[in-house]
Every structure is written in structure tokens, then in C-alpha cells.
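Heads up, the thing below is written out as C-alpha cells.
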Amino acid sequence: DAGITQSPRYKITETGRQVTLMCHQTWSHSYMFWYRQDLGHGLRLIYYSAAADITDKGEVPDGYVVSRSKTENFPLTLESATRSQTSVYFCASGGQGAKSLGYTFGSGTRLTVV
Amino acid sequence: DQQVKQNSPSLSVQEGRISILNCDYTNSMFDYFLWYKKYPAEGPTFLISISSIKDKNEDGRFTVFLNKSAKHLSLHIVPSQPGDSAVYFCAASEDFGNEKLTFGTGTRLTIIP
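Chains as they are written, first to last, in our numbering: chain A, 3 to 116; chain B, 565 to 677.
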């Protein structure tokens, strides 16, 4: 199916565990992003990528790792999960001109760290 | 440092009336502004954008106005419909080509039938 998909949709993990959230898009968009949504903070950028093998930190990168070996995939890894990382995570993608055409978001992953 | 601010957490409007959502920003390097709509348990969906060289952009029932001198933009929805009930996020992108968006905290719009 064309589009942007995130998996899993829901995840519960324990403090200290490593967890990876997956993001896959079928449009070959250059740009991909990871945001987290928290009450009172809106959407905050964690990491972004302008192309395969090019990634950069966003506003709240601590405790997260990303990679982008293929254009279509942009996994987000929490190396050692903490309760403060309980959040809803959204992946987004966009091509050239996305500023005016809009970026497309996935449906989100709700992560609970216990 | 919140570069994009939505000072109204919530707004209620009668069906058929105009909804006006506001957004303020502090970074003069922003060159594009976007509005997203979000329903519960879904990802944000793009509504409309405006370039910093324009002061108005219209798409159907949605119009975005930009006042650069005041660093303020607003989204007008006319007429408001029950399906417009959602959280609306204002976002902005800097003129550096890195394409990343900075979001506001959102405004929950409720349309009263």
C-alpha cells in the first residue's frame, strides 16, 4: 500500500529496555522526521533526515538514535527507555516542495514505558 | 524557547459560524507556515500553507492570513462544520532548506451543532 506506515501502533516496554519504532514510506521522499507529541508541548522534533545516510538532531534528541540506510525507512531507537519517553511518536515524510504541499504523517505509535 | 505559539488551548464555535485560530511566532527566518489538523488516534493531516511573501492563501473553506510585521498568522474556517472539530497545529519552517517544521502546542476546536 502506498503511504507512510508506522509500527507497532502500541508498545509497552520496561524502563531500561531498548525499543525500536519503525517508519516506512513508499513515495521515495527525501525528507523524513520523527516527532513526539506530549500534552502542553505540541509536536517536538526528535530527529530528521534529508536523505539516506544523512541525519540530524532536532529539538529533543537525547536518549534516541536514528539511522537511514534506505530512503524508505527511518527507524527510531530508544537505547534505554525511561518513563519520560512515554509519548505518542509520529513519523513524517516529504519531498521537494513539501513546505508548500505539506508533509505526510503516519498514524503514530503510542509508547508506554513502565 | 517556544518559537511558535498558540495561546488558545481551546475554542468553541457554533456550526455555520466562522472559526478563527491564531498563531504567533518569534523567528523572523521562518519562510513557510503550515496548518495541520489532528483527530484523536490519527496522525496530523496537512490543511493549508502560506509563504512568507504572501499575506493570504485560500483553499475552499480555509483561509490563512499572515501579518509579518506582527509575526502573527491566523486560520479562518467558514462556515464551520461538525467535522472540523479537531486539534489544529500551526507550524513553521526556516529559510535554510532543511525542511524541518517547528510546531505550536495546538488549539482544540469544538464545533457546536
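In this text, a Cβ means the ideal position worked out from N, Cα and C, and glycines have one as well.
Does the distance from the C-beta atom of residue i to that of residue j stay below 7 Å?
| i | j | result |
| --- | --- | --- |
| residue 583(B) | residue 644(B) | yes |
| residue 656(B) | residue 610(B) | no |
| residue 637(B) | residue 619(B) | no |
| residue 671(B) | residue 576(B) | no |
| residue 658(B) | residue 109(A) | no |
| residue 650(B) | residue 600(B) | no |
| residue 44(A) | residue 669(B) | yes |
Under 8 Å between beta-carbons, which chain B residues line up against residue i? List them in chain order, please.
| i | result |
| --- | --- |
| residue 43(A) | 669 |
| residue 102(A) | 596, 613, 615 |
| residue 110(A) | 605, 606, 607 |
Locate the alpha helix (DSSP H) running through residue i, then write down its first and last residues.
| i | result |
| --- | --- |
| residue 102(A) | 100-103 |
Could you name the residues of chain B that residue i contacts, counting a contact when the two beta carbons are closer than 9 Å?
| i | result |
| --- | --- |
| residue 47(A) | 664, 665, 666, 667 |
| residue 91(A) | What residue 91(A) touches in chain B: nothing, since even the nearest Cβ is about 10 Å away. |
Could you work out which residues of chain A lie near residue i, taking near to mean beta carbons separated by less than 7 Å?
| i | result |
| --- | --- |
| residue 657(B) | 101 |
Taking buried to mean at least 16 other C-beta atoms within 10 Å of its own C-beta, is residue i buried or exposed?
| i | result |
| --- | --- |
| residue 91(A) | buried |
| residue 570(B) | buried |
| residue 78(A) | buried |
| residue 49(A) | buried |
| residue 608(B) | buried |
Between which two residues does the beta strand (DSSP E) containing residue i stretch?
| i | result |
| --- | --- |
| residue 602(B) | 594-602 |
| residue 38(A) | 33-40 |
| residue 76(A) | First-last for residue 76(A): undefined, no H or E at that position. |
| residue 112(A) | 111-115 |
| residue 90(A) | 89-96 |
| residue 672(B) | 671-676 |
| residue 46(A) | 44-53 |
In chain A, which residues lie with their C-beta within 8 Å of the C-beta of residue i?
| i | result |
| --- | --- |
| residue 626(B) | Chain A residues near residue 626(B): none, gap ~12 Å exceeds 8 Å. |
| residue 610(B) | 103, 104, 105, 106 |
What residues from chain A crowd round residue i, counting only those whose CB sits closer than 9 Å?
| i | result |
| --- | --- |
| residue 653(B) | 44, 45 |
Which residues in chain B sit within 7 Å of residue i, going by Cβ to Cβ distance?
| i | result |
| --- | --- |
| residue 76(A) | Those within 7 Å of residue 76(A) in chain B number zero; the least Cβ separation is about 13 Å. |
| residue 96(A) | 663 |
| residue 60(A) | 664 |
So, does the stretch 60-70 of chain A touch the stretch 592-606 of chain B, judging by three or more C-beta pairs under 8 Å?
no
Are the stretch 15-22 of chain A and the stretch 95-102 of chain A touching by the rule of at least three beta carbon pairs closer than 8 Å?
no
May I ask you to verify whether the stretch 21-28 of chain A touches the stretch 39-59 of chain A, counting CB pairs closer than 8 Å and requiring at least 3?
no
If the cut-off is 7 Å on Cβ atoms, which residues from the stretch 20-39 of chain A count as contacting chain C, listed in chain order?
Of the protein chains in the structure, A and B, none is chain C.
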